[in-house]
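Trainee: The sequence shown begins at 80 in this note's numbering and counts up one residue at a time.
Ideal placement from N, C-alpha and C gives every residue a C-beta, glycine not left out.
All values reported here derive from a predicted model rather than from experimental measurement.
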Amino acid sequence: MLLGGGLVSCIREDFDGCYSSNRLLLSYKGDGTEEIFNDKICRVEMFVFDAENKCVNSSILPREQVESRTALLPTLAAGDYRIICVGNTHATQINNIDACDYCKMCFASEDYVAGEVVSGNDSLYYASTYYTVQPYNGRDDNHEQTIEFASSHYDVAIEVAGIPAVESRAGALPELQICGVTPMTDFENNATGEATDYILETQYEPAGMLLTARTNIMRHENHEDVNVCLFAAGSKDLLAKVNMAEFLAANPIIDCSKHEVLIPIRIEFKSGEVTVTVPEWYVENVKPEF
């Protein structure tokens, strides 16, 4: 009786209320040919939009689906859909899902949305695919489709050498900022929003007089307006400024067209001068397939 009750909606001639099993195979190969999804992505938020760009379902995928790289779609009526996934949204907020305009839907740091100080972004990834759910044909008809992820961030590593020995207490260290950063990414994977400044979390090594920071920023295209700025402790006195566009032009070893991009910057104070270079450890370790 229970079995008969469960099948009653699937024995009508028009098959209304009957659905197939639809799945997405999650994939990210970065800049190579091998699957590295599980090495880079551990959390996925999925959004399903109908033909009118209305969000009909949103969810955080269960851990086992992320680990198996197989996302089960919700129950969907026959029709055309667009599915968008955002990876690694640990401290990321997603806004304007009901806008019906993918250029207005966006994700950004929770701190930025709350109007607080921002130190960086999650290592974010984005994927989008169109998906057609076929009318139920009276038999099991499981469909699996691959969705390819792309990077939504740049990884930035900054080191400042030659800083005179100072106390490591808060407020005593110079302040590192990335100024003019584009703080959001829309649902077409384009960086967007009014430029803002990120104040980085830093570490100081007294023995080597070395200040370091590592963070992620959104994958912006306009590097000309982005600057790495070093301010004197407790003031707005500018000690050093590195324009991102000029730095990248001078160091073509850094290829921002790739998915996995690390932008390493070394600022060094020596003999009253300031030099800006790519750190030696990056030059020594970089490989053609990076």
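When DSSP labels each residue in this structure, what does methionine 288 get in the three-state scheme?
Mentor: Methionine 288: coil per DSSP, three-state reduction.
Trainee: If we require 3 or more residues per run, which beta strand (DSSP E) segments fall completely within the region 295-368?
Mentor: Qualifying beta strand (DSSP E) stretches, in chain order: 306-310, 317-322, 341-349, 352-356.
Trainee: Give the secondary structure of phenylalanine 186 by DSSP, where H, G and I count as helix, E and B as strand, and everything else as coil.
Mentor: In the structure shown, phenylalanine 186 sits in a strand (DSSP, three-state: E or B).
Trainee: On the three-state DSSP scale, how would you describe isoleucine 162?
Mentor: In this structure, isoleucine 162 counts as strand in the three-state DSSP scheme.
Trainee: In terms of DSSP beta bridges, what is glutamine 213 paired with?
Mentor: None; glutamine 213 has no bridge partner.
Trainee: Apart from the five residues on each side of it in sequence, which residues of its chain come closer than 7 angstroms, Cβ to Cβ, to isoleucine 242?
Mentor: For isoleucine 242, where only same-chain residues beyond five positions count, the Cβ hits under 7 angstroms are Pro253, Met288, Leu290, Phe348.
Trainee: Quick check on histidine 169: buried or exposed, where buried means 16 or more other Cβ atoms within 10 Å of its Cβ?
Mentor: Histidine 169 is exposed by the Cβ-count criterion.
Trainee: Using DSSP with H/G/I as helix, E/B as strand and the rest coil, what is isoleucine 176?
Mentor: The answer is helix: DSSP assigns isoleucine 176 an H, G or I state.
Trainee: Tell me which same chain residues have a C-beta within less than 7 angstroms of the C-beta of histidine 232, skipping the five on either side of it?
Mentor: Excluding positions up to five away in sequence, the list reads Asn200, Ser202, Leu203, Asn295, Ile296, Met297, Arg298.
Trainee: For the region 188-200 against the region 274-281, are there 3 or more C-beta pairs whose distance is under 8 angstroms?
Mentor: At 8 angstroms Cβ cutoff, the stretches touch.
Trainee: Run the CB neighbour count on tyrosine 209, radius 10 Å, all protein chains shown included, and call it buried at 16 or more, exposed below.
Mentor: The residue in question, tyrosine 209, is exposed, as its Cβ has fewer than 16 Cβ neighbours within 10 Å.
Trainee: Please confirm whether arginine 257 and valine 305 have their CB atoms less than 8 angstroms apart.
Mentor: Before going on, a small fix: residue 257 reads as isoleucine here, not arginine. Yes.
Trainee: Where valine 135 and lysine 183 are concerned, what is the direct C-alpha to C-alpha distance, given to the nearest angstrom?
Mentor: Straight-line Cα distance between these residues: approximately 17 angstroms.
Trainee: Tell me whether threonine 264 is buried or exposed, calling it buried when 16 or more other Cβ atoms sit within 10 Å of its Cβ.
Mentor: So threonine 264 counts as buried.
Trainee: What is the rounded straight-line gap between the Cα of glycine 158 and the Cα of serine 106?
Mentor: Rounded to whole angstroms, glycine 158 to serine 106 spans 24 angstroms at the Cα level.
Trainee: Suppose you measure from the CA of glutamate 363 to the CA of isoleucine 332; what does that come to, to the nearest Å?
Mentor: In a straight line, the C-alpha of glutamate 363 is about 11 angstroms away from that of isoleucine 332.
Trainee: In this structure, how does DSSP classify asparagine 117 when only helix, strand and coil are distinguished?
Mentor: If DSSP states are grouped into helix, strand and coil, asparagine 117 belongs with the helices.
Trainee: For cysteine 179, I'd like the list of residues in its chain whose CB is within less than 8 angstroms of its CB, leaving aside the five on either flank, ordered along the chain.
Mentor: Once the five neighbours on either side are set aside, the close Cβ partners of cysteine 179 are Glu131, Asn132, Lys133.
Trainee: Could you check what DSSP says for serine 147 in three-state terms: helix, strand or coil?
Mentor: In the structure shown, serine 147 sits in a helix (DSSP, three-state: H, G or I).
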